[in-house]
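Student:
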Amino acid sequence: ISSGVILLALAWKVWSTAFNQTSNRAFWLRVFAALILMVGGWLLISEIPVLLAVGDEDVWVGLKATVFYSLGTIPFQLVFSILLAVLLFQRIRGSGLFR
Numbered sequence: 038i039s040s041g042v043i044l045l046a047l048a049w050k051v052w053s054t055a056f057n058q059t060s061n062r063a064f065w066l067r068v069f070a071a072l073i074l075m076v077g078g079w080l081l082i083s084e085i086p087v088l089l090a091v092g093d094e095d096v097w098v099g100l101k102a103t104v105f106y107s108l109g110t111i112p113f114q115l116v117f118s119i120l121l122a123v124l125l126f127q128r129i130r131g132s133g134l135f136r
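Pasting the structure below:
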C-alpha cells in the first residue's frame, strides 16, 4: 500500500510540473506519465490487498520463490561482475583476449 501512496505522490509531482512546460510534446508526455503513475498507484492501493486477502496459496508460493531467487542471485552476480571488471582493468596477460 505504501508503494501505491509513493506512486500517487510522484504522479502529483509530475502532474503539477506538466503545466509549466513550454512545448506541447513535453506537456503531453508529462500528463501521460502522470496518468500511468496514477493508475499504478490506484492498483497498488486498492487491488493488490484484495488479491492477497483472498488467500490463494499459489500467490504466496510464487512471492516466496521470487524473493529467495532475487536474494540468492543478485548479490552473487553483482560481486562477480565487479570482481571481473576490476580484474580486466588490471594489466595482465590475456585480458585483451577476454574482452
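Note that this note's numbering has the sequence shown beginning at 38, numbered continuously upward.
Note that CB positions come from ideal geometry on N, CA and C, so glycine has one too.
1. Is the CB-CB distance between residue 48 and residue 74 below 7 Å?
2. Which residues in the same chain have their Cβ closer than 6 Å to the Cβ of residue 70, if we skip the five residues on either side of it in sequence?
3. Can you determine whether any heavy atom of the ligand NAD sits closer than 6 Å to the C-beta of residue 64, and answer yes or no?
4. Is it the case that the Cβ atoms of residue 82 and residue 109 are separated by a distance below 7 Å?
5. First and last residue of the alpha helix (DSSP H) that includes residue 118?
6. What whole-angstrom Cβ distance do residue 92 and residue 44 have, given they're in contact under 8 Å?
Tutor: Based on what the coordinates show:
1. Yes. Within cutoff.
2. Closer than 6 Å at Cβ, skipping near neighbours: 51.
3. What this structure holds is no ligand at all, so the ligand NAD is not there to describe.
4. Contact: no.
5. For residue 118, the enclosing alpha helix (DSSP H) stretches over residues 94-126.
6. With 8 Å as the limit, residue 92 and residue 44 do not qualify as a contact, their Cβ atoms being about 25 Å apart.
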